[in-house]
Structure formats: structure tokens, C-alpha cells
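The next block holds one structure in the form of C-alpha cells; read it before the comments.
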Amino acid sequence: MNYTVQHIAEITNAQIIGDGNLLIKNIAYDSRIIYSIKNTAFIAINTHKNSGEKFIESAMDRGIKVIISEHHYPEFENITWIIVENSVAFLQKLAKYHFENSHLQSIGITGSNGKTILKEWLYQCLWNEFPTVKSPKSFNSQIGLPLSLLQINDSHQLGIFEVGISKPHEMEKLENIFHPQIGLLTHIGTAHAANFSSEEELIDEKIRLFKNSEVIIYNGDNDLVDQKIKNSYSDKKLIAYGFKKENQVFIKSNISKDENIIVEYFGEEISFPAHQRDEATLTNAMALITVLKELNIENKKIVEKINLLKAVEMRLEAIEGNKGNIVINDSFNLDLDSLKTALQFLNEYNKAKKSLVLTDIVGVSTNAKELYEEVAELVNDQNFDSVFLIGNEISKFSELFKAKTYTFIDTKELIESKHLTEIENQIILLKGARKFEIEKLKDILELRKHDTVLEVNLNAILHNINYHKSLLKPGTKMMAMVKANAYGLGSFEVSEFLQHHHIDYLGVAYADEGVELRKKGITTPIIVMNPEQHSYQTIIEYNLEPEIYSFRVLELFYEAVQKSGYDKKYPIHIKLETGMHRLGFKDFELDQLSETLSHKNVKVQSMFSHLSSSDMPEEKEFTLKQLEVFEKNSSYLIEKLGYTSIRHILNSAGITSYKDHQHDMVRIGIGMLGESADPEIQKQLRSVVSFKTVISQISTVENGESVGYSRRYKTDHPTRIATIPVGYADGIPRLIGNQVGNVGVNKTLAPIVGNICMDMMMINVDHIPNVKEGDTVTVFNAHPSLKEFAGYCKTITYEVLTSISPRVKRIYIKD
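Note that the working numbering has the sequence shown beginning at 1, numbered continuously upward.
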């Protein structure tokens with residue numbers, strides 16, 4: 001986009017206060033991830049859950065001079081305001097005007113699964129055929145789609161955009177602003193299905209996008225989809241793809257055989273090799289071929305493009321590095337969109353210093369000088385300490401970069417220079433095109449080099465938190481439990497991410513956990529749930545807030561407050577006993593408690609209790625009794641104190657099952673990690689943790705031979721046995737050996753055989769085709785799931801996660 005403030009106001013019927021001649025090229029919606037302030041306006045988006053106007057001052061602090069808002073705040077000076085009636089409607093109206101005046105050919109992708117994969121594949125195949133614009137990341141919502149459309153510029157000939165909905169009547173609004181010429185419907189699944197009365201209603205809503213499309217490409221294997229599209233759009237060009245031979249595009253070869261895949265397209269055969277032969281991948285490949293054919297790409301070129309197709313790595317990895325560094329590995333692809341995304345990700349970290357490794361942008365046909373001027377402008381806004389440029393092309397423009405800049409022909413030359421090994425206490429972003437193989441730098445910079453890793457998906461945590469928030473009233477606060485090293489996931493990394501996303505409170509078990517977070521820059525309020533006597537001075541020194549559960553603890557802590565010289569009312573949190581019989585003040589102690597508190601220089605910041613059985617429907621009567629006791633006792637204590645405190649009792653299961661009792665705040669723990677005892681809730685959550693390793697060796701063990709210590713397992717036929725480098729020192733309990741537990745190899749369960757060793761274990765892979773040394777092994781994630789793995793261990797998911805050894809490398813990703 002490229003509009004003056006005046007033009008934007010005319011398009012959207014908005015009011016201007018300030019300079020209407022200012023030029024706007026970008027609109028930022030999140031003050032935390034503004035990567036450039038030049039020609040950028042900040043839009044304060046108001047929803048029923050939150051108000052973006054709270055963050056106007058933060059955007060101004062970043063240097064923003066144009067604010068789009070529903071209200072004018074005259075106390076903020078030297079700002080140009082675009083005052084709108086509704087911020088979301090404004091964004092959609094501007095995007096509609098921009099799209100309809102762009103005159104580019106467009107592809108709109110909707111469905112339940114596979115939208116982002118197909119968008120990225122199409123972009124990889126088409127960028128060098130047409131100047132192409134696409135949705136960044138998975139921007140496909142009521143806000144995301146308009147922001148995507150506003151990226152269109154005069155040079156673009158093709159646009160590929162995702163369109164996502166989660167509720168009825170949303171697609172009508174999105175189709176009004178974006179009407180693609182080619183409509184692509186991916187797999188219809190269970191995502192958001194709970195918000196619709198039936199699969200029929202879900203399909204009807206999705207296909208509204210194609211109301212003005214000329215061509216509709218869809219998965220014809222779903223009979224209901226096929227029927228609905230044919231009934232609604234018989235006047236359009238319809239192309240069905242899938243595994244059924246009735247489709248116009250289908251696979252006619254045997255996908256289980258190790259030979260080329262043959263796709264028949266209206267009688268033509270297109271043959272190509274495929275390493276991945278799962279149904280989802282091949283279905284996406286058929287959709288891809290169909291779109292490419294519709295764009296008149298010849299068969300030979302289609303096969304070449306498929307052969308060059310790269311796996312879509314839709315994630316950023318954050319890894320603990322040597323010398324106190326954090327390494328952000330985004331070495332999977334490089335274009336302007338993904339560079340902006342990576343720079344936004346950097347803003348979520350508190351490190352004062354940062355360095356960048358950046359390669360040539362490969363395969364872009366635009367003017368190189370203009371391209372690298374824009375790249376340098378983006379990079380310069382981040383104030384990097386050092387920039388390392390790799391490649392002949394980008395090195396020509398090194399003088400455009402303001403940081404201390406080094407140039408290298410290739411990655412090998414940078415490694416040999418030893419520059420990277422001199423960096424200390426920084427965040428290092430690795431951003432490059434695949435051909436430069438800068439992932440080799442990650443291997444040099446990372447602290448732990450164990451092949452066994454625990455991947456933590458930060459975006460999945462955010463999704464799960466937001467799902468639970470969707471069940472709450474707008475003003476209800478949320479406290480995230482990060483005790484026990486955030487259940488083994490890494491308390492600082494998780495806490496820093498949650499702080500960035502404005503969590504209200506963090507909860508730790510002991511003062512030492514809170515101190516470590518404070519030392520690393522966490523400023524969010526932290527409650528210490530089990531404050532030990534010797535830690536009181538430390539709690540005060542590091543501005544932590546203790547749980548107070550008895551008169552003894554209250555007296556001792558107050559003595560510590562007095563000794564410290566603290567001259568304000570110190571915030572404390574009163575634990576009430578409601579039936580769990582673990583810790584807390586009982587109802588007959590409340591009068592004495594209120595009297596004691598009235599004479600002390602403390603403030604009851606919150607009062608709370610704990611539900612013992614909120615995840616057990618059979619204990620509903622007991623849980624309701626606990627809730628009743630808490631309501632009665634907390635109300636009584638508030639009345640006696642004479643002021644209001646935050647009240648909270650609901651945990652993860654309580655949020656989903658007893659939301660009428662949310663009070664002022666709720667606490668989330670295992671729900672944040674994507675686990676629920678309720679099968680319907682579980683469908684709405686995303687898996688957060690993936691425990692992975694690799695196959696070290698595969699051996700054929702002859703009939704009657706034994707495997708492992710104590711010869712507990714013997715083969716009854718020649719059997720392929722794989723050894724993997726993970727054992728009980730990594731957190732795998734010995735009790736799941738000898739065919740009790742399984743791990744996943746190539747999406748197939750492989751039984752653990754023999755006794756589990758300290759650092760290794762053996763698995764039976766005899767039934768798994770094409771398995772080889774170096775293949776990934778999933779200890780738990782989707783297959784087996786964390787819950788299934790906990791079942792093997794005869795325990796709960798909490799214990800599994802907290803048992804994973806510190807020597808296992810944690811990798812933090814955003815997909």
C-alpha cells in the first residue's frame with residue numbers, strides 16, 4: 001500500500017487530526033512487534049476481549065507518528081490521528097478498496113487443514129513465473145486477511161491469500177473484501193467444527209468465499225463437499241481432486257510402492273518421485289498440480305517445480321547458545337515477508353545486544369538495489385551490534401547497513417573467520433536462503449549437542465491460552481503456572497513469551513524460581529506458592545509476592561518486611577482452605593485473620609483456593625461444594641477487610657467446566673500445555689511439547705538372540721532392532737521397557753524392547769518399511785501423544801514432563 005493519510009480518510013470516511021499529507025506504507029497492529037517505523041501507522045484494534053488503545057503510548061514510544069483509533073487522546077502531542085468508528089471495519093474497508101484497485105490475479109485458499117502448506121508450496125512454484133504476493137505466516141482471519149491484502153503493490157501480478165473462519169457468518173465479511181478468481185478448498189476437518197451445528201453448516205460457510213470465483217478447485221473425496229459445491233456453483237468451472245477415480249484429478253499409481261507417483265489430470269498423466277507418501281501430503285500435491293495447470297504451467301515444468309519443492313518449515317527455533325547467547329534459527333527460507341516475521345520475533349526477547357547473519361535473497365527478479373535498500377532499512381531499524389552478510393549479491397550493498405558489518409562469500413568462510421565464536425550474551429538471528437546452509441552455524445553456536453531434544457511450540461501455548469480466555473469474561477485476569485521449570489519446558493523461555501503477550505501473573509513454587517526469572521528480566525508479578533521461611537528476605541528483595549496460608553507464615557513474613565525497611569503495604573496472597581486439606585486458612589480462622597491483617601503493613605492482593613477434582617465429572621458435587629465455601633469465605637473476608645482483592649480458584653479444568661465461578665482471575669497450568677481430561681476440549685487445544693531423538697543404529701538380531709541388559713527380550717525370528725540415544729537419565733522410566741511402551745517412527749508405533757539403559761534404549765522396527773539410521777524418533781507428541789506416553793508410565797502428564805532431564809536440549813519454536 002502507498003496512501004497519504006488524507007487518501008486513507010477519504011476511502012474509509014475517517015476523521016483526520018493532524019497532517020493529512022503524511023505517507024503510509026505499512027499498518028502495524030501490535031506495538032510489541034513493530035519492525036520499522038518509517039511510513040508506518042499503528043492501528044489500535046478493539047475487540048470484545050481487549051482494547052488496542054491501551055498500547056497507543058507503547059507504539060508512540062517506538063517512534064510511531066500516525067495512530068488509527070476509535071478515540072482521540074489529546075494528551076499525546078505531535079501525533080497525527082485517523083479517527084474511525086470501528087477499527088476492524090476500517091481495516092476491512094481499506095483492504096477491500098486496495099484489493100479491488102490492484103487488478104491482480106488472485107487465489108483464495110480456505111478449508112480446515114493445509115491452507116498454509118499449500119499457500120507456501122504455490123508461492124515456491126510461482127514466484128519466478130509472476131511477481132507474487134502472499135499472506136505472511138497464517139494471516140487469514142478477520143484482521144489477518146485485510147493486513148495481508150494491504151501488502152499488494154503495483155508490481156504484483158498474482159496474489160495467494162489464506163482465508164480462515166472459526167464461527168458462522170464470518171466468511172460473508174471476508175468475501176466482501178476479497179473475492180478470488182481461483183478458489184481452492186482444502187481438507188474439511190474438525191478445526192473449529194465445535195462452533196458449527198453440523199459439518200454441512202461448516203462447509204456452507206467455507207464455500208461462501210467462492211461466490212464470485214471463476215474456478216473452484218476442491219477435494220472431491222468428501223461426498224458432502226462435492227454435493228454442496230455442485231449444487232451451489234454449477235455455473236462455474238469446477239475441478240475435483242482426490243484419491244477417488246471419479247475426480248478429474250486423482251492418483252492412479254500404487255502409493256505404497258517405491259515408484260513414481262502418477263497423477264491423472266483430465267486424462268493426462270503427470271509422474272513425479274515422492275519421498276513422503278502420507279495421504280495429507282499427496283492430497284496437497286494434487287491440489288498444487290491442479291492450480292498450476294489452471295495457470296497454464298506445462299507438465300514438464302510442474303514436475304521440475306515439484307522436484308525442487310522444499311519442505312515448508314513454518315517455524316522459528318530459539319535455542320540456548322554458548323556464552324550466554326540465544327540463537328534464533330530461521331535458516332529455512334528467505335524473502336522480505338519472512339525477514340519481517342523473524343525481526344518481529346526478535347522483539348519478544350529482552351537481550352540488549354543482538355547480531356544478524358543474513359544471506360542473499362535468492363531468485364527474486366526485482367531490481368537488486370531497490371531490494372537490498374529495503375532489506376537494509378528493515379535491518380537498520382533493529383539496531384544490531386553486528387551484521388554478517390553471506391553471498392556475492394548482498395555483500396555488494398554492505399555500505400547500506402549501519403551496524404558493524406562483515407561480508408563473506410559463503411557460510412564456510414564465516415565459520416573459518418571465528419567471528420561468531422567471539423559473541424557473548426547476545427541474541428543471534430540466523431536468517432538465510434537454504435542454499436547457503438546456515439543451519440551449520442546453529443551447530444557451532446548451540447550449547448547442547450545431544451540428538452535428543454524437547455521441542456516447545458510457543459505459538460501452541462498462546463493458542464491454548466487464548467482458547468481458555470475465550471471462555472472467560474473480558475475483564476478476567478489470567479495467571480500462568482511456571483513452577484518446576486514450567487513443568488520441564490523452561491521457566492524463563494516460557495515466562496518471557498507469556499510476559500510479551502501480557503499475562504497478568506506468573507506462579508512459581510519456590511522463591512528461587514522467581515529470583516531466577518527476575519534476574520533474567522521478567523517484570524510480570526510473580527506469586528510464590530510455597531514461600532519457605534529462609535526465603536522471605538529474598539522474596540522482598542526481588543519484588544516477589546508470597547502465598548500466606550497460616551498465622552505462623554504471616555507473622556514470620558511480616559517480621560521480614562519490617563526488617564527490610566519496606567515502607568509500603570507489601571502485597572500478599574491469602575490461601576483459603578475449602579476442602580483439599582493441604583494448605584490454607586479455615587472458616588473459623590477468618591475473624592482472627594482479618595483482625596491480624598488490619599494491624600500489619602500488608603495488602604491482600606488476592607485470596608484464592610485450589611480445586612482438588614475439577615477434572616473429574618464424578619466429583620462435581622464435591623467441586624461445587626468447594627466453590628460454595630470459597631465464595632462464602634472470600635466474601636466474608638473481603639467484607640471484614642474493607643477493601644476488594646482479586647479472587648481466584650479455577651485451574652485449567654475449572655476454567656472449562658465451572659466458568660460461572662471465574663471471579664477476578666483464573667490459573668492455567670496443564671491446559672496451557674494442550675492437555676485436558678475433556679475429549680471435546682482436547683480437540684480445541686494444540687500439542688505444545690514434542691520429545692524427539694534419532695536412530696543411532698539398526699541391526700538385524702537373529703532368531704533366539706537377546707537384546708539389552710539381563711536378556712529380558714529374545715527374538716523369535718530375525719528382527720530389525722534400532723538403538724536410540726535416550727534412556728532413563730533423560731527421563732524415560734525403566735518400567736516402560738520390555739514392550740510396555742512405544743515410540744513413533746515414520747508415523748508408526750515401534751515397541752520398546754529389552755531393559756531401558758541409562759543413555760539408550762532399543763526398539764523393534766521390523767514392521768516399519770524404509771526405516772534407516774538417522775531417522776527421527778518421536779518419544780511423544782502426536783503418535784504416541786503425551787497422554788498415551790503417560791499411560792505407558794502409569795502416571796500423569798505433569799510427572800512425565802517434569803522428569804525430563806536438564807541435559808535434554810530444549811528448542812523453542814514458533815510455527
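The beta-carbon is built from N, C-alpha and C at its ideal position, and this holds for glycine as well.
What does the alpha-carbon distance come out to for the pair Ser102 and Asp504?
43 Å
Using DSSP bridges, identify the partner residues of Val508.
Val528
Please determine, among Asn140, Ser155, Leu149, Val88, the residue with the shortest C-alpha to C-alpha distance to Gly816.
Residue 816 cannot be examined here, being either before or after the span of the chain that is shown, 1 to 815.
Is Pro725 close to chain C, meaning its C-beta is less than 8 Å from at least one C-beta of that chain?
Note that chain C does not occur in the displayed structure, where there is just one protein chain.
Start-to-end residues for the alpha helix (DSSP H) that takes in Leu441
That run of the alpha helix (DSSP H) goes 439 to 445.
Tell me the rounded alpha-carbon separation between Ile768 and Leu346.
Rounded to the nearest angstrom, the two C-alpha atoms are 41 Å apart.
Just checking my contact of Leu786 with Glu675 at CB under 8 Å: how many whole Å lie between their CB atoms?
7 Å
Nearest residue (CA-CA) to Phe827, options Thr359, Ile736, Leu145, Glu799
Because the chain in this structure spans residues 1 to 815, residue 827 falls outside the shown range and cannot be described.
Per DSSP, which one or two residues make a beta bridge with Gly242?
Phe250
Smallest Cα separation from Ala729: which of Glu680, Ala480, Asp766, Arg807?
Arg807
Tell me where the alpha helix (DSSP H) around Trp81 begins and ends.
Trp81 -> not in any alpha helix (DSSP H); beta strand (DSSP E) instead, spanning 80 to 83.
Assigned exposure category for Leu308 - 16 Cβ within 10 Å defines buried:
exposed
Name the DSSP beta bridge partners of Pro751, please?
According to DSSP, Pro751 bridges with Asn742.
Taking only the alpha-carbon atoms, compute the straight-line gap between Leu420 and Val327 and give it to the nearest angstrom.
11 Å
Three-state secondary structure (DSSP) at Thr40?
strand
With 16 other CB atoms within 10 Å as the buried threshold, where does Tyr372 fall?
buried
Return the bridge partner residues of Gln830 from the DSSP annotation.
This structure cannot settle anything about residue 830, because the visible part of the chain is limited to 1 through 815.
Indicate whether Gly267 and Lys244 have their beta-carbon atoms separated by less than 8 Å.
no
Between the CA atoms of Pro180 and Lys135 - distance to the nearest angstrom
Note on residue identity: the sequence assigns Ser, not Lys, to residue 135. Taking the Cα positions, Ser135 is about 13 Å away from Pro180.
Ordered along the chain, which non-local residues of its own chain (more than five positions away) have a Cβ less than 8 Å from that of Gln844?
Absent from the structure is residue 844, since the part of the chain shown begins at 1 and ends at 815.
Reference Arg434; option with closest CA among Ile216, Lys473, Asp330
Asp330
What's the C-alpha gap between Val456 and Ala486?
In a straight line, the C-alpha of Val456 is about 11 Å away from that of Ala486.
Evaluate Gly324 with the Cβ neighbour count: other Cβ atoms within 10 Å of its Cβ, from every protein chain shown; 16 or more gives buried, anything less gives exposed.
exposed
Which listed residue (Leu624, Phe608, Ile732, Met286) has its alpha carbon closest to that of Ser614
Leu624
Less than 8 Å separating the beta-carbons of Ala95 and Pro168?
no
Going by the beta-carbon positions, is the gap between Ile638 and Met665 smaller than 8 Å?
No, these two residues do not count as a Cβ contact at 8 Å.
Please identify the residue among Ser710, Gly731, Gly754, Pro733 whose C-alpha is closest to the C-alpha of Ile721.
Gly754
Could you name the residues of the same chain whose beta carbon sits closer than 6 Å to that of Val303, not counting the 5 residues immediately before and after it, in chain order?
Phe272
Based on DSSP bridge pairs, tell me the residues matched to Tyr570.
Val602
Given Phe250 as reference, the closest of Leu650, Glu259, Ile43, Asn284 once Cα atoms are compared:
Asn284
Between the Cα of Lys237 and those of Asn254, Asn260, Asn212, His450, spot the shortest distance and give me the residue it belongs to.
In terms of Cα proximity to Lys237, the closest of Asn254, Asn260, Asn212, His450 is Asn212.
Taking C-alpha atoms, which residue in Glu541, His450, Ala511 lies nearest to Gln533?
Ala511
Suppose you measure from the CA of Val629 to the CA of Pro679; what does that come to, to the nearest Å?
If you take the alpha carbons of Val629 and Pro679, they lie about 29 Å apart.
Helix, strand or coil for Met314 per DSSP?
With a pLDDT of 49 at Met314, under the threshold of 50, the modelled position of this residue cannot be trusted; read the value that follows with caution. Coil at Met314, not helix or strand.
For Leu126, the nearest candidate out of Glu294, Lys65, Lys252 (CA to CA)
Glu294
Given a threshold of 16 other Cβ atoms within 10 Å of its Cβ, counted over all protein chains shown, does Ile756 qualify as buried or as exposed?
Buried, because 16 or more other Cβ atoms sit within 10 Å of the Cβ of Ile756.
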